[in-house]
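First comes the structure, then the notes that go with it.
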Amino acid sequence: ILIDKFEDHLPHYRQSQRYRRRCGVELSRQTINRWHHATAHHLQPIGQAILKEIRKAKELQIDETPVDYLEPGHGSVRKGHMWVYHDPHSGGVYYDWDAGRGHERMFEVLGQDPETGALLYRGNIQCDGYSAYEALKKRVVDLGIGFCLSHMRRKFIESGSVDNPICKEVLAGIARIYQIDQRCTKHLVGVTSCRGLIRRCHLLPVTSALKQRMIELRRGLRPSENTAKALGYTLTRWDQWTQRVMSGEMELDNNLVENRIRPLKLGAKNWLFNGNLEAGHNNALIYTLLGNCRAHGLNAEDYLEEVIKRLPPEATEEEAAALTPAAIAASRQSDASEDAA
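Shown next as structure tokens:
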């Protein structure tokens with residue numbers, strides 16, 4: 001049932017119809033729904049263990065996407081948000097559901113010291129230009145935040161004037177940045193010092209020249225023009241993006257975390273909305289488990305069958321931590337090495 005919904009994007013009502021049509025079994029949507037949420041509740045400790053893994057990341061890519069949900073008595077769907085936290089080095093991912101879109105929820109997920117109220121997460125964040133990230137930066141002054149080259153590029157495409165010479169020139173410059181970085185650092189993900197050195201040698205002259213050229217191009221435009229707005233958006237974020245990229249700490253863009261959102265958007269086209277706020281949290285958990293299975297090369301259905309059986313009721317933190325996809329993948333790799341030896 002879980003694989004059908006979250007891997008193959010089949011909503012519960014279609015599953016119910018399929019059981020009736022193919023197996024002659026009357027399995028109501030309500031029953032399927034209860035099983036789904038009971039299983040999610042049972043697996044919650046593993047979700048918390050994955051969150052602790054994510055908080056240890058040196059870099060997190062964060063993005064959010066709207067998802068509708070039902071609220072009894074409201075009369076229509078309301079808009080919630082699924083936040084996605086991705087570690088580009090390990091591939092680990094954590095989905096978090098919330099009705100709001102403010103920075104307070106990010107602060108909670110990244111961890112807060114109960115005594116001092118300080119943020120526990122000590123890595124860097126890569127994000128788009130949404131104001132919640134700026135608010136988080138103001139609240140946590142020493143938090144490293146870098147922006148996304150793909151979002152800057154997208155501003156020129158969305159300006160509606162990609163055929164004009166200015167957009168073409170800037171897009172060509174951005175394409176050259178991608179080509180150079182792909183050629184020079186494609187094998188250095190996670191090797192911060194080496195990647196930073198190579199980027200400063202090969203990439204910094206190109207990014208510096210493009211910045212100066214964008215400043216020149218902007219002078220001849222009216223502020224109200226779409227191209228001028230795209231240049232303004234990019235130049236406002238360029239130095240901070242360059243600083244993080246040249247240190248080797250971050251990817252050029254946030255595309256990896258956006259890829260983690262795609263399964264969610266595909267599913268939402270079929271099941272349309274979360275049944276309520278609680279359902280959003282349970283769905284986030286299942287997406288988290290399956291996303292980490294994908295990252296660590298585990299068969300998702302086999303993994304769920306294993307951990308549902310192995311996770312005891314009222315599991316301790318240690319028991320849950322031993323059953324995350326990362327932990328199981330590491331354990332299997334260790335066993336394979338011992339067998340080979």
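My numbering puts the first residue of the sequence shown at 1, with every later residue one more than the last. Think of the CB as a built atom: it goes at the ideal place given N, C-alpha and C, for glycine as much as any other residue.
Buried versus exposed, by CB contacts within 10 Å (16 or more), residue i
i: GLU26; result: exposed
i: ASP63; result: buried
i: GLN126; result: buried
i: ARG195; result: buried
i: VAL293; result: According to the sequence shown, residue 293 is Cys rather than Val. Under this definition CYS293 is a buried residue.
i: GLN61; result: buried
i: ARG139; result: exposed
i: CYS148; result: buried
i: ALA320; result: buried
i: ASN299; result: exposed
i: SER16; result: buried
i: CYS201; result: exposed
i: HIS41; result: exposed
i: LEU289; result: buried
i: THR242; result: buried
i: GLY92; result: buried
i: CYS23; result: exposed
i: SER345; result: Given that the chain is displayed from residue 1 to residue 341, the structure contains no residue 345 and the question cannot be resolved.
For residue i: DSSP bridge partner residues
i: GLN126; result: GLN61, GLY146
i: ASP253; result: Bridge partners of ASP253: none, in fact.
i: VAL109; result: BP columns for VAL109 are empty, so no partner.
i: PRO66; result: HIS81
Local conformation of residue i per DSSP, three classes
i: HIS9; result: coil
i: ARG20; result: helix
i: LEU298; result: coil
i: ASP4; result: helix
i: LEU119; result: strand
i: MET331; result: For the sequence presented, residue 331 should be read as Ser rather than Met. Of the three classes helix, strand and coil, the one that applies to SER331 here is helix, per DSSP.
i: ARG41; result: Per the sequence shown, residue 41 should be read as His rather than Arg. Three-state DSSP puts HIS41 in a helix.
i: VAL307; result: helix
i: GLY47; result: helix
i: LEU27; result: coil
i: HIS281; result: helix
Unbroken beta strand (DSSP E) run spanning residue i, endpoints
i: GLY80; result: 77-86
Residue i - containing alpha helix (DSSP H), residue span
i: VAL93; result: Here VAL93 belongs to no alpha helix (DSSP H); instead the beta strand (DSSP E) covers 93-98.
i: ALA315; result: Looking at the DSSP string, ALA315 is not in any alpha helix (DSSP H), and its letter there is neither H nor E.
i: ASP163; result: Note, ASP163: premise wrong, no alpha helix (DSSP H); not H, not E.
i: ALA322; result: From DSSP, ALA322 is part of no alpha helix (DSSP H); its letter is neither H nor E.
i: SER131; result: 131-139
Which full runs of the alpha helix (DSSP H) of 4+ residues lie inside the stretch 200-249, going along the chain? 204-219, 226-246
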